[in-house]
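Asks: Got a structure for you, questions after.
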Amino acid sequence: DKLKESKVYMRAMFDYTPLEDKATPCQEAGLPFKRGDILQVVSQDDQTWWQAKRVGDCNLRAGLIPSKQFQERFVTCFLDFVSAGLRRSFRLSRKDRRDSSGEASVSDQNDTEFLTYEEVTRYQQKPNERPRLVVLIGSLGARINELKQKVIAENPHRYAVAVPHTTRPKKSHEKEGVEYHFVTKQVFDADAQNNKFIEYGEYKENLYGTSIEAIRSVQAKNKMCLVDVQPEALKALRTAEFKPYVIFVKPRIPESHRRRSAATSPGGGEHGRITEEDLQEMRLSAQQTDQQYGHLVDRVLIKEDTASACAELRSILERLERETFWVPVSWVK
Ligand code: 5GP
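According to the UniProt record's numbering, the sequence shown is numbered sequentially starting from 222.
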């Protein structure tokens, strides 16, 4: 009976280092893991310490990891402690936040305290199922739109963008429903009010946005829909319907002065003239995106140059249709 394999798998949303954990009953028995690791939970008998193995690890012995309840309490206590020292009103009550979880306006930072584990299961797209949504997010300098356009242009019968809405006037060479859906400001505002967009923004006094319907209509043609969005849109997209596969495109950022001069020399790199401040800003942007949204990312793509990044993106997309991936259990019911 003891040999029965546990079917409970969790994706870790935090790093755990038993040797630094003062609460553990036995540091040597602890199982270290990193955010994003998949853990097979062998026993949840103890309320505080679960027994688990890391998937893909050759080590067959299970180790101790903090249970979900214990980790939640730990993080909440920690935040209480910090916020008490700063500002009393910092923390919304847990119940308030849970109740409003359906709304995109909930600040992401406040959710940090619940980053513990997410139960996941293996999933492979079946031939008759609609393709998964592919979401590209990028930090400063990643130029994901260009990547997306290139990969689609190579394979337009398999991949497509969701046609965005805009309030700007149609240009003579453009066709309604091809480059954009051209709408009036009134229509756009009403759609935005009715939560029809996954994201929208203003550019040169015109509104632009991508609708949920635009994604559905690509999927209805049995094509894989590629969207690039601000990472705030991720929450709204993480549904069983879309089963988004999230790729974080991070530019490779040179570190030293020597590397930088190579990147700014003629033909060396795509960034043109880049100052040390630009590089610093790019590093910061990558760090922030990683900190805030890293737990929602399935794959990090380090972009060296456009050609190699395109090749890598292409191979990721091909594997998506063939291979098995971990998704939240709630997506597969
Ligand atoms: P254009 O008017 O030249 O076709 O597009 C101008 C800019 O609008 C683009 O460079 C892009 O920044 C922005 N844009 C286009 N589509 C969207 C969209 O769906 N959402 C948002 N937020 N901006 C968009």
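For glycine and all other residues, C-beta sits at the position ideal for the given N, C-alpha and C. Just so it is clear, the structure is predicted and the values come from calculations on it, not from any experiment.
Using CA atoms only, rank isn't needed, just tell me which of Lys392, Asp266, Phe409, Gly277 is closest to Trp547.
Replies: What you label residue 547 is simply residue 326 of the sequence shown in a count that begins at 1. Among Lys392, Asp266, Phe409, Gly277, the Cα nearest to that of Trp547 belongs to Gly277.
Asks: Would you please state the rounded distance, in angstroms, between the beta carbons of Ala381 and Lys444? I believe it to be under 8 angstroms.
Replies: On the sequence shown, position 160 is the one that residue 381 refers to. On the sequence shown, position 223 is the one that residue 444 refers to. With 8 angstroms as the limit, Ala381 and Lys444 qualify as a contact, their Cβ atoms being about 5 angstroms apart.
Asks: Using a 10 Å radius around the Cβ and a threshold of 16 neighbouring Cβ atoms, would you call Asp412 buried or exposed?
Replies: Along the sequence shown, one-based indexing puts residue 412 at 191. Counting Cβ neighbours within 10 Å, Asp412 comes out buried, since at least 16 surround it.
Asks: Using 8 angstroms as the cut-off, classify the Cβ of Asn427 as near or not near the heavy atoms of the ligand 5GP, replying yes or no.
Replies: The residue labelled residue 427 in the question sits at position 206 within the sequence shown. At least one heavy atom of the ligand 5GP is nearer than 8 angstroms to the Cβ of Asn427, so yes.
Asks: In the UniProt domain "SH3" (226-296), which residue ranges form an unbroken beta strand (DSSP E) of at least 3 residues, counting only runs that do not cross its ends?
Replies: 229-233, 259-264, 270-275, 284-287
Asks: Can we count Glu397 as close to the ligand 5GP, meaning its CB is less than 8 angstroms from some heavy atom?
Replies: Here residue 397 refers to the residue found at position 176 when the sequence shown is read from its first residue. No, the Cβ of Glu397 stays beyond 8 angstroms of every heavy atom of the ligand 5GP.
Asks: I'd like the ranges of any alpha helix (DSSP H) spanning at least 4 consecutive residues and lying wholly in the stretch 491-540.
Replies: 497-514
Asks: Report the partner residues of Ile436 according to the DSSP bridge assignment.
Replies: Position 215 of the sequence shown, counted from the start, is the residue given in the question as residue 436. Answer is none; Ile436 lacks a bridge partner.
Asks: With contact counted as at least three CB pairs below 8 angstroms, one residue from each stretch, are the stretch 286-295 and the stretch 241-259 in contact?
Replies: yes
Asks: Can you give me the Cβ contacts of Val263 inside the same chain, cut-off strictly under 7 angstroms, excluding the 5 residues immediately before and after it?
Replies: Position 42 of the sequence shown, counted from the start, is the residue given in the question as residue 263. Cβ neighbours of Val263 beyond the five flanking positions: Ser227, Gln272, Ala273, Lys274, Ala283.
Asks: What is the residue span of the alpha helix (DSSP H) that Glu367 lies within?
Replies: To locate residue 367, count along the sequence shown from 1; it is residue 146. Here the alpha helix (DSSP H) through Glu367 covers 365-375.
Asks: Could you tell me which of Lys371, Thr388, Leu455, Arg353 sits nearest to Tyr424, measuring between CA atoms?
Replies: The residue given as residue 424 occupies position 203 in the sequence shown. It is Thr388.
Asks: Can you pull the DSSP bridge partners for Pro549?
Replies: Counting from 1 along the sequence shown, the entry for residue 549 is found at position 328. Answer is Val341.
Asks: Start and end of the beta strand (DSSP E) containing Ala381?
Replies: On the sequence shown, residue 381 is found 160 positions in, with the first residue counted as 1. That run of the beta strand (DSSP E) goes 380-382.
Asks: Is Gly422 near the ligand 5GP - that is, is its Cβ less than 8 angstroms away from at least one heavy atom of it?
Replies: What you label residue 422 is simply residue 201 of the sequence shown in a count that begins at 1. Remark: the shortest separation between the CB of Gly422 and any heavy atom of the ligand 5GP falls under 8 angstroms.
Asks: Which whole-angstrom value describes the C-beta separation of Ser506 and Ser360, a residue pair presumed to lie in contact below a C-beta threshold of 8 angstroms?
Replies: Taking the first residue of the sequence shown as position 1, residue 506 is located at position 285. Taking the first residue of the sequence shown as position 1, residue 360 is located at position 139. Right, the Cβ-Cβ distance comes to about 4 angstroms (below 8 angstroms), so this counts as a contact.
Asks: Whose C-beta lies closer than 7 angstroms to the C-beta of Ala325 among residues of the same chain, with five residues either side of it excluded?
Replies: Locating residue 325 in the sequence shown gives position 104, where the first residue counts as 1. Any reading at Ala325 must be qualified, since the residue scores a pLDDT of 34, below 50, and its modelled position is unreliable; no value is offered.
Asks: So what's Gly422 in DSSP terms, helix, strand or just coil?
Replies: Counting from one through the sequence shown, the residue named residue 422 turns up at place 201. Here Gly422 sits in strand by DSSP.
Asks: Of all the options Pro452, Val303, Asp499, which has the alpha carbon lying nearest to the alpha carbon of Pro475?
Replies: Residue numbering aside, residue 475 sits at position 254 when the sequence shown is read from its first letter. Among Pro452, Val303, Asp499, the Cα nearest to that of Pro475 belongs to Asp499.
Asks: What residue from Arg364, Thr337, Pro348 has the CA that sits closest to Ala233's CA?
Replies: Walking along the sequence shown from the start, residue 233 turns up at place 12. Cα-wise, what sits closest to Ala233 is Thr337.
Asks: Write down the C-beta distance between Cys300 and Lys369 rounded to the nearest angstrom, noting that I regard them as a contact closer than 8 angstroms.
Replies: By one-based count along the sequence shown, residue 300 stands at place 79. By one-based count along the sequence shown, residue 369 stands at place 148. Note on residue identity: the sequence assigns Leu, not Cys, to residue 300. Leu300 to Lys369, Cβ: 37 angstroms. No contact.
Asks: Using DSSP with H/G/I as helix, E/B as strand and the rest coil, what is Gly359?
Replies: Residue numbering aside, residue 359 sits at position 138 when the sequence shown is read from its first letter. If DSSP states are grouped into helix, strand and coil, Gly359 belongs with the strands.
Asks: Pull up the distance between the alpha-carbon of Arg353 and that of Arg256, whole angstroms please.
Replies: For this step, residue 353 is matched to residue 132 along the sequence shown. For this step, residue 256 is matched to residue 35 along the sequence shown. Between Arg353 and Arg256, the C-alpha separation is close to 23 angstroms.
Asks: According to the neighbour-count rule (16 or more other Cβ atoms, all chains shown, within 10 Å of its Cβ), is Gly251 buried or exposed?
Replies: Along the sequence shown, read from residue 1 onward, the residue named residue 251 stands at position 30. Burial call: buried.
Asks: For Gly306, which three-state DSSP category applies?
Replies: Counting from one through the sequence shown, the residue named residue 306 turns up at place 85. DSSP places Gly306 in helix when its eight states are reduced to three.
Asks: What whole-angstrom Cβ distance do Ala461 and Ser551 have, given they're in contact under 8 angstroms?
Replies: Locating residue 461 in the sequence shown gives position 240, where the first residue counts as 1. Locating residue 551 in the sequence shown gives position 330, where the first residue counts as 1. Their Cβ separation, rounded to whole angstroms, is 7 angstroms, which keeps Ala461 and Ser551 in contact under 8 angstroms.
Asks: Can you give me the Cβ contacts of Arg379 inside the same chain, cut-off strictly under 7 angstroms, excluding the 5 residues immediately before and after it?
Replies: Within the sequence shown, numbered from 1, the residue matching residue 379 stands at position 158. Correct list, in chain order: Lys444, Met445.
Asks: Does residue 567 pass the burial test, meaning 16 or more other C-beta atoms within 10 Å, or should it be called exposed?
Replies: Beyond the ends of the chain as shown, which are 222 and 554, falls residue 567; an answer cannot be given.
Asks: So that I know if they touch, is there some Cβ in chain B lying closer than 9 angstroms to that of Phe403?
Replies: No chain B appears in the structure shown, which is made up of a single protein chain.
Asks: Applying the 10 Å Cβ sphere with the 16-neighbour rule, what's the burial state of His394?
Replies: Residue mapping note: residue 394 aligns to position 173 of the sequence shown, counting from 1. Counting the other CB atoms within 10 Å of its CB gives His394 a total below 16, which places it among the exposed residues.
Asks: Pull the bridge partners of residue 179 from the DSSP assignment, please.
Replies: Since the first and last residues shown for the chain are 222 and 554, residue 179 lies out of range.
Asks: So what does DSSP say about Glu395, is it helix, strand or coil?
Replies: As a first step, residue 395 is located in the sequence shown; it is residue number 174 there, counting from the start. Three-state result, Glu395: coil.
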